[in-house]
Amino acid sequence: MNIQDKFKRTCVVCKKKSIKYDLIRFIKSKRSILFDSKMVMPGRGAYICKTETCVLASVTKKRLCYSLKISIEHVDWDKLLLDVNSVI
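Each position in the sequence shown, counted from 1, maps to that position plus 41 in this note's numbering.
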């Protein structure tokens, strides 16, 4: 296995494979979804591309909720978008 293959992750929106440091990571906390800016928080994680289209599609299509197996009612989408906009 190539060393770069070890760090590849798939965007839950567009299904594009990239090195994990080129993606944005979210984790499932006990009752919500959190933005993991340093990519070190424990828990189930999901990755999306650092593009505006993937970020908006993750909210509108609820791909993060599906991949993290969490109910939509428990997510503060406005807070997540503010956190992500500081990165992209």
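Backbone N, C-alpha and C fix where the C-beta goes; we use that ideal spot for every residue, glycine too.
Among the bridge pairs identified by DSSP, Asp77 is matched with Arg66. Rounded to whole angstroms, the Cβ separation of Val53 and Ser99 is 7 angstroms, and the two are in contact under 8 angstroms.
Ile129 sits in coil when the DSSP states are folded into three classes, being neither helix nor strand. Residue pairing of Ser59 in beta bridges, as defined by DSSP: Arg50.
Scanning its chain for C-beta atoms nearer than 8 angstroms, with the 5 sequence neighbours on each side dropped, one finds around Glu93 the residues Ile129, in chain order.
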